[in-house]
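**Student:**
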Ligand code: SF4
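Residue numbers (the UniProt record's numbering): 1 to 181.
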């Protein structure tokens with residue numbers, strides 16, 4: 001996956017920035033399945049290139065790893081001098097890098113990597129942290145006290161109306177008052 005787009009001479013060994021591992025996917029991404037589509041510099045003719053670019057951009061926009069791919073492509077300038085990566089052209093990536101440098105300073109890659117690390121840490125600890133007693137009580141009350149008559153209420157199927165929301169809040173408040181008393 002990493003490296004220059006198809007057909008571009010790769011004369012030097014360039015090491016990828018290890019702060020941004022390239023995102024892995026279960027199934028091959030579009031650019032793995034059809035790398036030629038993403039090597040737009042190799043398409044001759046302005047119209048044909050424009051059409052290829054539109055197709056590649058569309059493919060990237062449906063890619064499950066587009067966000068991480070963009071960070072990888074921006075952080076690895078020497079590995080992405082050509083082609084479409086995360087729906088961007090080489091010129092667009094240059095503009096994005098310049099903008100990041102202006103906003104975050106010369107070590108913008110380090111800043112973005114640190115933000116990523118913190119976000120992942122937060123997600124991991126969020127998943128590992130068990131719910132508090134109060135959260136468990138609330139969840140149980142929500143399950144038990146939301147009325148099931150006259151019609152079964154299916155919260156994940158039915159739209160939440162302001163009236164329903166108000167009613168649920170009132171039920172929970174009343175239940176909590178009883179639980180605390
Ligand atoms: S976003 Fe585009 S370039 Fe990046 S992995 Fe997906 S298909 Fe490939």
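Beta carbons are placed, not taken as given, at the ideal position from N, Cα and C, and that holds for glycine.
#1: Are the Cβ atoms of residue 105 and residue 111 separated by less than 9 angstroms?
#2: Is residue 119 near the ligand SF4, with its Cβ less than 8 angstroms from a heavy atom?
#3: Report all residues for which the CB-ligand distance to some heavy atom of the ligand SF4 is below 5 angstroms; order them along the chain.
#4: Which class does residue 88 belong to by DSSP, given the choice of helix, strand or coil?
#5: What three-state label does DSSP hand residue 19 in the structure shown?
#6: Would you mind working out which of 37, 43, 70, 71 sits nearest residue 59, comparing C-alpha positions?
#7: As a quick exercise: from 42, 71, 28, 43, pick the residue whose alpha carbon is nearest that of residue 114.
#8: Leaving out five residues before and five after residue 93 in sequence, what residues of the same chain have Cβ atoms less than 8 angstroms from its Cβ?
#9: Between residue 47 and residue 53, what straight-line distance do the alpha-carbon atoms span, to the nearest angstrom?
#10: Taking only the alpha-carbon atoms, compute the straight-line gap between residue 173 and residue 165 and give it to the nearest angstrom.
#11: Can you tell me the Cα-Cα spacing of residue 2 and residue 44, whole angstroms?
#12: Take the Cβ of residue 29 as the centre, count every other Cβ of all protein chains shown within 10 Å, and call the residue buried at 16 or more, exposed below.
#13: Taking the Cβ atom as the reference point for each residue, do residue 63 and residue 22 lie within a distance shorter than 9 angstroms?
**Tutor:** From the atom records:
#1: Contact: yes.
#2: no
#3: 29, 30, 31, 60, 63, 66, 69, 85, 86
#4: strand
#5: coil
#6: 37
#7: The candidate whose alpha carbon is nearest that of residue 114 is 71.
#8: Hits under 8 angstroms: 73, 74, 77, 80, 85.
#9: 10 angstroms
#10: 12 angstroms
#11: With a pLDDT of 48 at residue 2, under the threshold of 50, the predicted position of this residue should be treated as unreliable, and no value is reported.
#12: buried
#13: no
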